[in-house]
Every structure is written in C-alpha cells, then in structure tokens.
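Below is one structure, written out as structure tokens; the observations come after it.
In this note's numbering, the protein residues as written are 376 to 604.
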C-alpha cells in the first residue's frame, strides 16, 4: 500500500490547488508513484515533487503528470487544460504574490507605456513563459525572435507591427477572439503624436523632447527605452 502523502499547505493556495488536482488524478489510477512513472517521461522523484505542493513544477511536468494519469481522449484533453489553468495561476502567485489573477486589459491602453504594461500583464497571465518558449509558439521563423520577446517582457521594447504583435499573442496563448483588442491598442499607439518613435528613434533614450512638445506625454523611447524591432 502506498504511503500517505504529506498534507498540503493551503497558505500557498494556488500551489496547493494545483497539487490537489494532480493528486486527485493520481488517486483514480490506483498506482504508486513508481508505477505511474512507467507511464510518464518524468522520473518518480519529479512526479512526487510536482504533487507535493511545495513548489511550482514546470509546465511540461504538469502536462506529463496528467498524461500518465489519464488515457488518451477527450478526458485527457480536458484534464490537461484544467491542470494548465491551475499551473498558470500558481506561477502568477509565485511571481506576483498578493496580486489578483486577471486578464490583461488592452482596451484601456492609451499610449506606449500602457501598451508595454498590458503586454507584460498578458505574459504574466500566461504563466511567464520563457523567451525561448515564446519564439517556438509564435509560429513562422522570425515572427518573434527570443531576443525580441525578452526585450518586450522586460519593458525594453514593444511590438511595432501587427504580425509581430500576433506572434506575441500566440506565444502567450491569448484567445483569437481577443486579438482585435490588441490590434486596436497598437493602432492607437501608432496614431499617437509620437507613434512612430519606436521605428524612427526620434527621441533617443535619456534625451529630452524639443520645447515645442511641452505638455505632451514623453515619447515611448524616453519612457521605455524602446528600440526599433
């Protein structure tokens, strides 16, 4: 008979919820961890850590855990989607403790600073995928190089074309039904008096705008040090 697992610490609520779900899937199999590992790419020790609730496992481990517990088919797809949603919440709580898990709001974007912040909120909502993973998800080669993704999530740059924006949205698994909100936000920024600043670099970082622009918001380059992409 398998040894009982350590009780979960629900002061780390999101991590505990993820671990609880994984344990429930595991319990349905009637298998021990060693037997479960035979159906998984992950090791027995890795699966145990994933269900411990003491840390947030990698997403690939979570998906592997579910696939070892649930036979192929619709149930596996549903279970994987549920586990990934819980994983994203756990990652968000890990990186942004105390903040509510909420969708990014591109409809509130007014300028490049807002646009950069909304993109970083989207990245957080997606579970903070790495720049390398984002490049893979973005689709065609060159759509979103990992170096570009890194600059965007570090607030050093923004997408300046709709193709590049679409790549970033796909990389963050943003539903297609919401893509038009982001396209509208980008169009709004490009229509700003300094909307071409990321492309033309008219106001290099660290330099002040000409006096004739007094009263306007600082350009995107002075606010975000946004470079041409």
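By construction, the Cβ of each residue, glycine as well, lies at the ideal position given by its N, Cα and C atoms.
Point to revise | Closest Cα partner of residue 561 within the set 437, 524, 534 | key: Looking up residue 561 in the chain shown gives position 186. Of the candidates 437, 524, 534, the one whose C-alpha sits nearest the C-alpha of residue 561 is 534.
Practice item. Compute the Euclidean distance between the alpha carbons of residue 455 and residue 567, then round it to the nearest angstrom. Key: Counting from one through the chain shown, the residue named residue 455 turns up at place 80. Counting from one through the chain shown, the residue named residue 567 turns up at place 192. Approximately 42 Å, taken between the alpha carbons.
Practice item. With a cut-off of 8 Å on the beta carbons, I'd call residue 528 and residue 495 a contact; round off their distance for me. Key: As a first step, residue 528 is located in the chain shown; it is residue number 153 there, counting from the start. As a first step, residue 495 is located in the chain shown; it is residue number 120 there, counting from the start. That pair is a contact at about 6 Å.
Review point. Of the residues 457, 507, 497, which one's Cα is nearest the Cα of residue 476?
Key: The residue labelled residue 476 in the question sits at position 101 within the chain shown. The shortest C-alpha separation from residue 476 is found at 497.
Review point. Using a Cβ-Cβ cut-off of 7 Å (strictly less than) and excluding sequence neighbours within five positions of residue 545, which residues of its own chain qualify?
Key: What you label residue 545 is simply residue 170 of the chain shown in a count that begins at 1. Answer for residue 545: 512, 513, 514, listed in chain order.
Check your understanding: Helix, strand or coil for residue 547 per DSSP?
Key -> Walking along the chain shown from the start, residue 547 turns up at place 172. Coil at residue 547, not helix or strand.
Practice item. Check each candidate in 422, 449, 447, 429 and name the one with the smallest Cα separation from residue 436. Key: Residue mapping note: residue 436 aligns to position 61 of the chain shown, counting from 1. When only C-alpha atoms are compared, the closest one is 422.
Review point. Between which two residues does the alpha helix (DSSP H) containing residue 409 stretch?
Key: On the chain shown, position 34 is the one that residue 409 refers to. Run containing residue 409: 408 to 412, per the alpha helix (DSSP H) assignment.
Review point. Quick one: is residue 539 buried, meaning 16 or more other Cβ sit within 10 Å of its Cβ, or exposed?
Key: Position 164 of the chain shown, counting from 1, holds the residue named residue 539. Buried, since its Cβ has 16 or more Cβ neighbours within 10 Å.
Review point. Among 382, 525, 517, which one has its Cα closest to the Cα of residue 394?
Key: As a position in the chain shown, residue 394 is number 19, starting the count at 1. Ranking the options by Cα distance to residue 394, first place goes to 382.
Exercise for review: Indicate whether residue 403 and residue 457 have their beta-carbon atoms separated by less than 8 Å.
Suggested key: Within the chain shown, residue 403 is the residue found at index 28, counting from 1. Within the chain shown, residue 457 is the residue found at index 82, counting from 1. The answer is no: Cβ separation not under 8 Å.
Practice item. Write down every uninterrupted run of the alpha helix (DSSP H) in the segment 378 to 439 whose length is 4 residues or greater and which is fully enclosed by it, in chain order. Key: 388 to 404, 408 to 412, 419 to 425
Review point. Tell me which same chain residues have a C-beta within less than 7 Å of the C-beta of residue 507, skipping the five on either side of it?
Key: As a working note, residue 507 is residue 132 in the chain shown. Within the same chain, residue 507 has close Cβ partners 521.
**Study point:** Own chain partners of residue 478 with C-beta closer than 7 Å, once the 5 adjacent residues on each side are dropped
**Key:** Residue mapping note: residue 478 aligns to position 103 of the chain shown, counting from 1. 500.
Exercise for review: With a cut-off of 8 Å on the beta carbons, I'd call residue 502 and residue 557 a contact; round off their distance for me.
Suggested key: The sequence position of residue 502 within the chain shown is 127, counting from 1. The sequence position of residue 557 within the chain shown is 182, counting from 1. That belief does not hold up - the Cβ atoms of residue 502 and residue 557 are roughly 18 Å apart, past 8 Å.
Exercise for review: Determine the DSSP secondary structure at residue 460, reduced to helix, strand or coil.
Suggested key: Counting from 1 along the chain shown, the entry for residue 460 is found at position 85. Here residue 460 sits in helix by DSSP.
Practice item. Compare the beta carbon distance of residue 564 and residue 490 with 8 Å and say whether it is the shorter of the two. Key: On the chain shown, position 189 is the one that residue 564 refers to. On the chain shown, position 115 is the one that residue 490 refers to. Cβ atoms of residue 564 and residue 490: closer than 8 Å.
Exercise for review: Note down, in chain order, each residue of its chain lying with its Cβ closer than 6 Å to the Cβ of residue 392, except the 5 sequence neighbours on either side.
Suggested key: What you label residue 392 is simply residue 17 of the chain shown in a count that begins at 1. So the qualifying residues of the chain are 461.
Review point. By DSSP, does residue 567 sit in helix, in strand, or in coil?
Key: For the purposes of this step, residue 567 is taken as residue 192 along the chain shown, with counting starting at 1. In this structure, residue 567 counts as coil in the three-state DSSP scheme.
Check your understanding: What do you reckon, are the CB atoms on residue 415 and residue 440 nearer than 8 Å?
Key -> Against the chain shown, residue 415 aligns to sequence position 40. Against the chain shown, residue 440 aligns to sequence position 65. A contact, by the Cβ cut-off of 8 Å.
**Study point:** Inter-residue spacing [alpha-carbon to alpha-carbon] between residue 433 and residue 425
**Key:** Position 58 of the chain shown holds residue 433. Position 50 of the chain shown holds residue 425. The alpha-carbon atoms of residue 433 and residue 425 are separated by roughly 8 Å.
Practice item. Look up residue 470 in the DSSP assignment and say whether it is helix, strand or coil. Key: In the chain shown, the residue the question calls residue 470 occupies position 95. Three-state DSSP puts residue 470 in a helix.
Exercise for review: Let me know the secondary structure DSSP gives residue 492 once reduced to three states.
Suggested key: Here residue 492 is taken as the residue at index 117 of the chain shown, counted from 1. In this structure, residue 492 counts as helix in the three-state DSSP scheme.
**Study point:** Rounded C-alpha distance that separates residue 559 from residue 405
**Key:** By one-based count along the chain shown, residue 559 stands at place 184. By one-based count along the chain shown, residue 405 stands at place 30. The alpha-carbon atoms of residue 559 and residue 405 are separated by roughly 51 Å.
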